[in-house]
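The number in our numbering is simply the position in the sequence shown, starting from 1, with 12 added.
Every residue gets a Cβ at the ideal spot worked out from N, C-alpha and C, and that includes glycine.
Since we're looking at a predicted model, the values are computed, not measured.
Here is the structure we will look at.
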Amino acid sequence: MSGKIFIVEDNRFYGHLLKSEIEKFYKDQVVVFTSGDSFIHNMNQNPDIVIMDHHLGSYQGVDLVKQIKGSHPKSEIILLSGQNKMSVAVNAFKYGAYDYLEKNQETFKKLELLIKKIQFEIGERRNNRMQKVLSCLFVIAALSMVLFWTLSQLK
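Set out below in structure tokens:
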């Protein structure tokens, strides 16, 4: 399955460190943005996963979560913060974030587990859609056969 992860982190070093760690297990495209503006201008690329710092200069992560979920509801968002603030986490979840992680020594391992979980869920959704399409095609084929048989009996 091809996909895309966007990392939005104004600390260039940390953003590229995240990218390097993610690319150890995620083989599709990983893109780093160092500002909320550059990220917003590229949302039309429809990333599967957005990993985003809570403090992004003039942007707050929770505000971006609202904006992303309003225009790209299928993108899953993991919000990162250097502080463990319950109010930020609650608001992030309220507006549709998939998860909220505090930046610490466990962040990379937790991100790996979350990304793999999201990839699995995306795959399941795609499989369910494919099953529905195949079921519809089967019904159409069966009805076509019945119609063909009925018309042949009328002759």
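- Within the region 19-104, complete alpha helix (DSSP H) segments of at least 4 residues are found at 24-34, 48-52 and 73-83, given in chain order.
- GLU124 carries a helical assignment under DSSP once its states are collapsed to helix, strand and coil.
- In the structure shown, LYS106 falls within a helical segment according to DSSP collapsed to helix, strand and coil.
- GLU114 is bridged by DSSP to SER93.
- In terms of Cβ geometry, TYR110 and ILE90 form a close pair [threshold 7 angstroms].
- Straight-line measurement puts the Cα of VAL151 at about 50 angstroms from the Cα of HIS28.
- Between PRO59 and LYS16, the CB-CB gap stays under 7 angstroms.
- Burial check for GLN165: the Cβ neighbour count within 10 Å stays below 16, so the residue is exposed.
- The C-beta distance from PHE45 to VAL20 rounds to 5 angstroms, short enough to fall under 8 angstroms.
- Taking 7 angstroms as the cut-off, the beta carbon of SER83 is found no closer than this to the beta carbon of VAL62.
- Within the model, the alpha-carbon separation for SER47 versus CYS148 is close to 44 angstroms.
- Inter-residue distance for VAL42 and LYS144 is about 31 angstroms (C-alpha atoms, whole angstroms).
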